[in-house]
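Line by line, the protein sequences give chains A, B and C.
If you read the first sequence in this note's numbering, its first letter stands for residue 3, the second for the next number, and so on.
If you read the second sequence in this note's numbering, its first letter stands for residue 71, the second for the next number, and so on.
If you read the third sequence in this note's numbering, its first letter stands for residue 280, the second for the next number, and so on.
Here is the structure we will look at.
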Amino acid sequence: MAEIVLKNVYKYYNDVLAVDNLSLTVNDHEFVTLVGPSGCGKTTTLNMIAGLIDLSDGEIRIGGRVVNELDPKDRDIAMVFQNYALYPHKTVRQNLEFPLRMRKVDKAIRDQRINRAAEILGITNLLDRRPKELSGGQQQRVALGRAIVRDPAAFLMDEPLSNLDAKLRVHMRAELKHLQEELKATVVYVTHDQLEAMTMSDRVAIMNGGRLQQYGSPAEVYHKPANAFVAGFIGSPSMNLIPVDLIQENGNYRLQNESFHFTPQSPRLQSVLNSSPSKNLILGVRHTAIPLLPATTAEGIPAQIYTFEPTGDVTFVHLQVGEQLITASTDDPEFQAHTGDKLIIRFDENRLHLFDAETTLALTSD
Amino acid sequence: MSQFAGVSRKQKNLINTIVIYFFILLISFFAACPLLWMLSTAIKPRDQLFRIPPQWIPNHPTLEHFERVLFPTRPNGKLFFRYFLNSTIVSVVSTILSVAVSVPAAYAFSRFNFPGKDVAYFGVLARNMFPLIVFLIPLFILMRILRLQDTYAGLIIAYLTFTLPLSIWLLKGFFDGIPKELERAARIDGCTRFGAFVRIILPLTAPGLAATAIYSFILAWNEFAYALTLTHSTSMRTLPVGLAYFFTENTADWPGLMATAFTISVPVVIMFLILQRYFVAALTQGAIKQ
Amino acid sequence: MATITAERSAPRGGFVKKPPGLLQRIIRHRADYLYIAPAIGVMALVILYPFVYTIYLSFFETPASRPEIYFNGLENYQELFQADLFWLVTRNTIYWTIGSTILSFILGLAAALLVNQKVPLVGLFRGILVIPYVIGHVTASYAWRWLLHGDFGVLSQTLIQWGFIEQPIPFLQSPALVMLSLVLVNTWKSFPFAMIMLLAGLQTIPEDLYKAARVDGANSWQQFIEITLPQLMPITMVTTVLMIIGNMNSFTIPYVMTGGGPAHQSEIIITWIYNISFQTLRFGYASAISVVLFIVLFVFSYFYVRVLTRNEAN
């Protein structure tokens, strides 16, 4: 296994910048996910690491050596594709054998590796079948097997679970993670599904418009988003992002827009607002940080239920606050929700985020 | 390490492109050279014709051959015009007829499920297996009996032998590509089955119809064997037949022959180059489905 | 509301309807037949009738001198298999068919692979390469006849110019070279068809397979053998069947270029049948040969389709 280093990587398609000055390091044995909406550059980046497309500028190192000029086959990487890309006219065994044949590995060693991979993945009984006789999950395992037999320096995976149905996807997520830990593999994983990214990775690299937005552990990107995009992208339902103006009144800082106003009590927040260069901010608060209180409560923001979604344990409540729609949730089984009900809401100040409306960067206290 | 360590990937890509280009040019020359040589001969003055070594681009190009064989005032020109007229009439009418008759049949094969459908469709496809010769002799006799030998009608009907099965096969392929939900939606909205066919589906197959018509037209325009056999008077000859007779009657007049041949090809080649897309779609549509 | 449907679908008194019989189905679908009626009618006239008539005629003798025809049973067929020319013509036809098909296919495959690459102006070249296919057979035949002319043909003259040979080559007059020359012309005419079909086939191969192969370590040649060729199998079968049948039915190129000469050295089966029909007017005999040809084609197609469908099932 090896580490992968991207340094100032750019990729142009004619005049369009698909990847913009991307630098990051994947440590040995680490599971890193590149995540973001379609067109953010994550698949392009993966293809550049694999060597399937050229870089416009920058450097990529695998295991310490610069691989920019090397063909995919010389980079010691294995790849798993969204559509599995199994050779349709070959049996499973022949599919697993192919990369080893190309490298002129001895028959004895070939068989040994194939059997080992088949055992790990539980596909030993499928070795003589053809891909079209297999289910989606089985095909995915064969694709993984083809990568495992190579014993490569790193695994590159391009949305491998996207073609599976929901239940299977959840199951395979756990399997993949377990496999990675067992093999102590270095994995670079690409997906548009933030939940996959959060549940499987050691670190998450969030991309948008070709640029790296934030690179950190799942906990970090969830609790300490670096900008409004990350805040809104990670977590489902999304974090509420509300544009507000910063007003100073009687020495206190207050946030308000045409729907409501809110004066933070905690000294920490007041200090953050004090050092904010801009008067236009974005208030970020997750649905879990909005306590729902009866309409008779003295202090708080008035709200009305627009609609609600009971999911069993948790009920998502969509609230109308003036012109604003805010999503909150409750896990209180006694909570009675009806459309049109009036409530009072508050924001948990320990879990509040503030972003500069222009730069979209998170505000921190100096 | 790769053995190409010394050559960058960008350089490899460039070399690749150059090699590919070289072979493409080579094959293109092979494809085009008869036409080019034909043109070259047609504009060469007589004395330059048998020069050794041969010249591709003549020093003093001339249009005298074109004038001699094609101008309406010259005897050859009159004949040529007549042949052109015959070819046009026969090709256009047989194309229109075959498309008109094929469209409902192809639609039926695509959408309906009636007893005997598979047998009938197999019959349509099977026509391909029969050597054209098998039809030629009886058609020759049939036309004589019907007093249709040496007429437009006879030739047009005979051409249906190959244009009809082809049109049905191609059009069925195009119809198969249109989702059945469209007709269902139309019928719920109040159309009859026939109405849905005419008002909704037909307009959508316009490209397919165009492609089929073009393909049939080209086949009819270039057809030789039937035209040769089923006509005998000079005034009924089509262009390919006219070309052949020109040669037998003027064996040494290669430039004249080339000029005529070149002129005959030009409309088809131009029409084809413009409509390439549809033409290729027509050819592959039916085959890929199989 | 919800209970009504349950009652309606229960059968009454245990009576189960029989599936409709053939006659009933025909009547039910009677409107459908209107759609195919004109087409079937025309095809019966110009295809079915001539075919049946040819078979009928093959058992008769049709001398040129007299208008009557005489039934002579299988004599025509006997004569065919004992004819001097039979083996020569058969050999020529096989040579023509197999040779043209193989060469066109290989050239078409090469062209398809080249034209499938993303190089500038590739669309233009794709158009140029199809030109041989759309030019009429007669035009092509005369163009090549002039190109291959025994004295002044530009091919011979160019070879002389470059010092490869000393005398011009009589391509179409030499018994040894004439079939080869005709096959060359037919290849030129037919390779675009193979190219178009194979190109369409190439474009259905998923890109991901090649990516996986590159990562797995296959070079271009290995990718071609392990991925491209196997994936092209179905379209290859279809294309070769169509080409073989088409080539066996060829008429114009041999007829116009050599008329079957010199001395029948380039006579293939269709031109032979044609010459017998319209030079000797022995329609019966010619019909017998046509029927034999048909049987051969039919058997060939049948076995080919069987192999094709068995492959698909695998």
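We treat Cβ as the ideally placed atom computed from N, Cα and C, and that holds for glycine.
Count the other C-beta atoms from every protein chain shown that fall within 10 angstroms of the C-beta of residue i, then say buried if there are 16 or more, exposed otherwise.
i	result
residue 127(A)	exposed
residue 192(B)	exposed
residue 495(C)	buried
residue 380(B)	Given a span of 71 to 360 for chain B in the structure shown, any question on residue 380(B) remains unanswerable.
residue 368(C)	buried
residue 570(C)	buried
residue 355(C)	buried
residue 508(C)	exposed
residue 356(A)	buried
residue 155(B)	exposed
residue 488(C)	buried
residue 89(B)	exposed
residue 253(A)	exposed
residue 305(B)	exposed
residue 215(B)	exposed
residue 416(C)	buried
residue 281(C)	Note that residue 281(C) scores 42 on pLDDT, short of 50, meaning its location in the model is unreliable and no value can be drawn from it.
residue 202(B)	buried
residue 173(A)	exposed
residue 142(A)	buried
Considering just the uninterrupted stretch of the alpha helix (DSSP H) at residue i, what are its terminal residues?
i	result
residue 482(C)	457-482
residue 273(A)	269-276
residue 531(C)	531-536
residue 320(B)	Segment: none, residue 320(B) is in no alpha helix (DSSP H) and carries neither H nor E.
residue 623(C)	It is not possible to answer for residue 623(C), since the shown part of chain C is limited to 280 through 593.
residue 293(B)	Note, residue 293(B): premise wrong, no alpha helix (DSSP H); not H, not E.
residue 229(B)	222-246
residue 496(C)	Note, residue 496(C): premise wrong, no alpha helix (DSSP H); not H, not E.
Tell me the DSSP bridge mates of residue i?
i	result
residue 150(A)	None, per the DSSP bridge assignment.
residue 18(A)	15(A)
residue 7(A)	27(A) and 63(A)
residue 81(A)	158(A)
residue 255(A)	250(A)
residue 321(A)	307(A) and 328(A)
residue 285(A)	244(A) and 356(A)
residue 363(A)	229(A)
residue 35(A)	191(A) and 206(A)
residue 68(A)	63(A)
residue 263(A)	258(A)
Along the chain, where does the beta strand (DSSP E) containing residue i start, and where does it finish?
i	result
residue 63(A)	59-64
residue 296(A)	294-296
residue 262(B)	Careful: residue 262(B) lies outside any beta strand (DSSP E) and carries neither H nor E.
residue 344(A)	344-347
residue 303(A)	303-312
residue 356(A)	354-358
Taking the runs of the beta strand (DSSP E) that are 3 residues or longer, which of them lie wholly in the stretch 163-248 of chain A?
189-193, 205-210 and 213-218
Closer than 9 angstroms, Cβ to any Cβ of chain B: which residues of the stretch 303-328 of chain C, in chain order?
304, 305, 307, 308, 309, 310, 311, 312, 313, 314, 315, 316, 317, 318, 319, 320, 321, 322, 324, 325, 326, 327 and 328
Can you give me, in chain order, the residues of the stretch 41-65 of chain A that have a beta carbon less than 9 angstroms from any beta carbon in chain B?
Result list: 53 and 56.
Looking at chain A, which residues of the stretch 98-125 of chain B have a Cβ within less than 7 angstroms of any of its Cβ atoms?
Answer set for the stretch 98-125 of chain B: empty.
Against chain C, which members of the stretch 184-212 of chain B pass a CB distance test of less than 9 angstroms?
184, 185, 186, 187, 190, 193, 194, 196, 197, 198, 199, 200, 201, 202, 203, 204, 205, 206, 207, 208, 209, 210, 211 and 212
Run through the stretch 392-437 of chain C for me and flag every whole alpha helix (DSSP H) of 4 or more residues, listed as ranges in chain order.
401-413 and 416-426
Could you give the uninterrupted runs of the alpha helix (DSSP H) lying entirely in the stretch 303-367 of chain C, keeping only those of 4 residues or more?
309-322, 328-336 and 354-361
Residues in the stretch 275-296 of chain B having any Cβ partner in chain C nearer than 9 angstroms:
288, 291, 292, 293, 294 and 295
Ignoring anything shorter than 4 residues or poking outside the stretch 113-199 of chain B, list the alpha helix (DSSP H) runs there in chain order.
Correct list: 134-140, 145-181 and 187-196.
Give the residues from the stretch 187-216 of chain A that approach chain C closer than 8 angstroms (Cβ to any Cβ), ordered along the chain.
Those residues of the stretch 187-216 of chain A that come within reach of chain C (Cβ to Cβ, closer than 8 angstroms) do not exist; the list is empty.
At what residue ranges does the stretch 100-144 of chain A contain a whole run of the alpha helix (DSSP H), taking only runs of 4 or more?
The stretch 100-144 of chain A contains these whole alpha helix (DSSP H) runs: 109-123.
Given a limit of 8 angstroms on CB to CB distance, which residues of the stretch 216-235 of chain B reach chain C?
227, 228, 230, 231, 234 and 235
Can you list, in chain order, the residues of the stretch 140-151 of chain B whose Cβ is nearer than 9 angstroms to any Cβ on chain C?
none
Residues in the stretch 75-92 of chain B having any Cβ partner in chain C nearer than 8 angstroms
87, 90 and 91
Looking at chain B, which residues of the stretch 62-91 of chain A have a Cβ within less than 7 angstroms of any of its Cβ atoms?
71, 72, 73 and 76
Which residues of the stretch 516-550 of chain C have a Cβ closer than 8 angstroms to any Cβ of chain A? Give them in chain order.
none
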